[in-house]
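J.: One rule links them: number in the working numbering = place in the sequence shown (from 1) + 12.
Quick one: structure below, then a few questions.
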Amino acid sequence: MSELAERVLKGELRALSRVLTLLERGDPAAAEAMATLDPYTGAGYAVGITGPPGVGKSTLVDRLTEHLRGLGLSVGILAVDPTSPFTGGALLGDRIRMQRHYLDDGVFIRSVATRGQSGGLPRIVKSMVRALDAAGKDVTLVETVGVGQTELGIMGVADSVVVAMTPESGDSIQTLKAGVMEIADLYVINKADRDGANQLSAAVTAMLQLSDLSDAWNPPVLLTQAYANVGIEELWDSVTAHRDYMNDKGGLEKRRAERRRAEFLETVQEELHRRITERLENDAELGELLRQIDGKVAEPYGAAMGLLANEGGLANLAGE
Ligand SMILES: Nc1nc2c(ncn2[C@@H]2O[C@H](COP(=O)(O)OP(=O)(O)O)[C@@H](O)[C@H]2O)c(=O)[nH]1
Ligand SMILES: [Mg+2]
Numbered sequence: 013m014s015e016l017a018e019r020v021l022k023g024e025l026r027a028l029s030r031v032l033t034l035l036e037r038g039d040p041a042a043a044e045a046m047a048t049l050d051p052y053t054g055a056g057y058a059v060g061i062t063g064p065p066g067v068g069k070s071t072l073v074d075r076l077t078e079h080l081r082g083l084g085l086s087v088g089i090l091a092v093d094p095t096s097p098f099t100g101g102a103l104l105g106d107r108i109r110m111q112r113h114y115l116d117d118g119v120f121i122r123s124v125a126t127r128g129q130s131g132g133l134p135r136i137v138k139s140m141v142r143a144l145d146a147a148g149k150d151v152t153l154v155e156t157v158g159v160g161q162t163e164l165g166i167m168g169v170a171d172s173v174v175v176a177m178t179p180e181s182g183d184s185i186q187t188l189k190a191g192v193m194e195i196a197d198l199y200v201i202n203k204a205d206r207d208g209a210n211q212l213s214a215a216v217t218a219m220l221q222l223s224d225l226s227d228a229w230n231p232p233v234l235l236t237q238a239y240a241n242v243g244i245e246e247l248w249d250s251v252t253a254h255r256d257y258m259n260d261k262g263g264l265e266k267r268r269a270e271r272r273r274a275e276f277l278e279t280v281q282e283e284l285h286r287r288i289t290e291r292l293e294n295d296a297e298l299g300e301l302l303r304q305i306d307g308k309v310a311e312p313y314g315a316a317m318g319l320l321a322n323e324g325g326l327a328n329l330a331g332e
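Have a look at this one:
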């Protein structure tokens, strides 16, 4: 039993915040907390909002939060930001856009840095979503930015995935071809006040019809003006329609089971990778092997396979 987790279950936001920090650091106490929290997960619903920078994702999250609060629902927000000197400003912008919710106890906001990983979605977000669920958040909104594009990894995090586009970015249709159609449960064309919104909407709808799988969910294409609070209620209604569809067809259970398995496998892989890298950098014997490889005394492919083939080699490498 984790005392910290018990405080999370009682709704203490500071304890929740602490658990997320422990998760980010890979602290063993995080594992203990997650074990206590896990039985209390499942009632919450996670919505991913992805799309290129500047399409209005943060504004959509802000407006959706306002709408959800009006419905009496508690909200968790995870804003994933690629950390780089260039996006510092974007993060600050997000903070300002969501500022009014910081004073509301029913809203929990956290930004998550991608820590220079390939820009993808940090695997820890999966665990964070579960922590927020256990903490009693009715809805968790996850905002993600890929590097200048849509984050396909959001599929592994959210129950419903909203792909946001705008008529301003001319390459929108191009984006659709890059795997987006497999992950989008709903399309939002934001900045519908701008020229070209209806054309874009028609183009997306046409693409969807080409790939229509009759009895499967048909992703709606919605027009919003997030900054003017237009289309937000319809967006939420469409999310709940998708949620109901997923519940009826059993897709939700399957998606969540896959996500749990992925969380496990990714954690093992990433943790192994981290430990092995650390070993390779600090172990004297391995250091010698690395020098032999550098100096063409040892052959790289054979040396790697030899290391792993040797009795307990992998365990030795992975051990702390
Ligand atoms: N014209 C117009 N601008 C919008 C709309 N929604 C958001 N914006 C503006 O678009 C800019 C980027 O919004 P933001 O939410 O930070 O985008 P994000 O990078 O996707 O999170 C901000 O200046 C918003 O005020 C909209 O519906 N119409
Ligand atoms: Mg944003």
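Note that the Cβ used here is the ideal one computed from N, Cα and C, for glycine as well.
Note that the structure is predicted; figures quoted are calculated from it, not measured.
#1: Please report how far the alpha carbon of T289 lies from the alpha carbon of S70, in whole angstroms.
#2: Just to confirm before moving on: does the CB-CB distance between V233 and Y257 stay below 7 Å?
#3: Pick out whichever of S172, S181, V137 and L264 has its Cα sitting closest to the Cα of A8.
#4: Quickly, what does DSSP pair V242 with across the bridge? List them, please.
#5: Could you please give me the residues that DSSP links to V174 through a beta bridge?
#6: Can V124 and L90 be called in contact, C-beta distance under 7 Å?
#7: Is K203 near ligand 2, going by C-beta to nearest heavy atom under 6 Å?
#8: For N259, which of G54, I185, G208 and V119 has the nearest alpha-carbon?
#9: Taking the alpha helix (DSSP H) that E293 belongs to, which residues open and close that run?
#10: Quick check: does the Cβ of G68 come within less than 6 Å of any heavy atom belonging to ligand 1?
#11: Taking 7 Å as the cut-off, decide whether the C-beta atoms of A27 and R37 are in contact.
#12: Which term fits V159, buried or exposed, when burial requires 16 or more other beta carbons within 10 angstroms of its beta carbon?
#13: Should T71 be counted as a contact of ligand 1 given a C-beta to heavy atom distance under 6 Å?
#14: Take the Cβ of S96 as the centre, count every other Cβ of all protein chains shown within 10 Å, and call the residue buried at 16 or more, exposed below.
#15: Give the DSSP-derived three-state secondary structure of S213 in the structure shown.
#16: Compute the minimum distance between the beta carbon of A238 and the heavy atoms of ligand 1, and state whether it is under 6 Å.
#17: Looking at C-alpha atoms only, which residue of V169, R271 and P51 is the closest neighbour of E152?
#18: Looking at C-beta atoms only, is the number of pairs between the stretch 76-89 and the stretch 112-126 that lie closer than 8 Å three or more?
#19: Measuring only from the beta carbon, is P232 closer than 6 Å to any heavy atom that is part of ligand 1?
#20: What's the C-alpha gap between G191 and G88?
#21: What are the start and end residues of the alpha helix (DSSP H) that includes D74?
#22: Do the stretch 230-250 and the stretch 44-54 meet, that is, are 3 or more Cβ pairs less than 8 Å apart?
#23: If the criterion is Cβ atoms closer than 7 Å, does the pair L188 and I201 meet it?
#24: Give me the Cα-Cα distance between S181 and A45, rounded to the nearest whole angstrom.
#25: May I ask you to report which of helix, strand or coil DSSP gives G88?
#26: Find out if the Cβ-Cβ distance for the pair K138, E15 is shorter than 7 Å.
#27: Below 6 Å CB to CB, which residues in the same chain sit around G132 once its five sequence neighbours on both sides are set aside?
#28: Going by Cα to Cα distance, which pick from R135, G84, R303 and I305 is closest to L32?
T.: Taking the structure as given:
#1: 36 Å
#2: no
#3: Not covered by the structure: residue 8. The range shown for the chain is 13 to 332.
#4: Q237
#5: I61 and L198
#6: yes
#7: no
#8: G54
#9: G263 to N294
#10: yes
#11: no
#12: With a pLDDT of only 49 at V159, under 50, the local geometry of the prediction cannot be trusted, and the value read off the model is given with reservation. Answer is exposed; the Cβ neighbour count stays below 16.
#13: yes
#14: With a pLDDT of 48 at S96, under the threshold of 50, the modelled position of this residue cannot be trusted, and the question is left open.
#15: helix
#16: yes
#17: The displayed chain sequence assigns Thr, not Glu, to residue 152. The candidate whose alpha carbon is nearest that of T152 is V169.
#18: yes
#19: no
#20: 27 Å
#21: K69 to G82
#22: no
#23: no
#24: 43 Å
#25: strand
#26: no
#27: G165
#28: R135
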